[in-house]
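Below is one structure, written out as structure tokens, with a few remarks after it.
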Amino acid sequence: MEEDLKPWELYSLDGAEEPETLDTMKGFFTRYRAIRGKATNFAYTHDALQRSWCSFIRRWNAARREGLSFTSWLEDREGNRSNHAIGELRERVYSASGESATCTL
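Each residue of the sequence shown is one higher than the last, beginning at 447 in the working numbering.
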């Protein structure tokens with residue numbers, strides 16, 4: 447079961463179909479994690495990041511197989527996230543009302 451979740455090492459491109467450079471893929475991975483509200487820093491265990499990397503590679507491959515651009519898919523998801531983000535919504539509401547977005551209690 448563990449092998450199914452983590453078939454590749456963290457930052458390995460072995461499982462990726464037609465990958466970009468490693469640096470580019472790491473950039474996509476950081477953005478992929480961000481749309482899920484997660485970072486890629488050391489607050490997460492190596493194991494958790496490896497599982498997420500493998501999930502990212504699976505998503506990359508699925509987009510390729512479907513003839514889709516992963517970058518377009520990612521940008522679409524980022525747009526959806528910003529449209530539904532509470533912080534940005536709060537900023538838009540306060541902006542429209544002419545008030546400051548700083549909360550005072």
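The beta carbon of each residue, even a glycine, is placed where N, CA and C say it ideally should be.
Leaving out the 5 sequence neighbours to the left and right, which residues in its chain are closer than 8 Å to residue i when beta-carbon positions are compared?
| i | result |
| --- | --- |
| L468 | Y457, L459 |
| R477 | L520, E524 |
| P465 | L459, M471, W506 |
| R511 | E463 |
| A509 | S515, F516, W519 |
Let's test the definition: count the other Cβ atoms within 10 Å of the Cβ of residue i and tell me whether it reaches 16, buried, or not, exposed.
| i | result |
| --- | --- |
| S541 | exposed |
| S399 | In the structure displayed, the chain extends from 447 to 551; residue 399 sits before or after that span and is not available. |
| L495 | buried |
Residue i and residue j: beta carbons closer than 9 Å?
| i | j | result |
| --- | --- | --- |
| T486 | R479 | yes |
| F474 | T517 | yes |
| W499 | E463 | no |
Note down, in chain order, each residue of its chain lying with its Cβ closer than 7 Å to the Cβ of residue i, except the 5 sequence neighbours on either side.
| i | result |
| --- | --- |
| P453 | G461, C500 |
For residue i, which residues from the same chain have a beta carbon less than 6 Å from its beta carbon, with the 5 sequence-adjacent residues on both sides left out?
| i | result |
| --- | --- |
| D450 | none |
| D493 | none |
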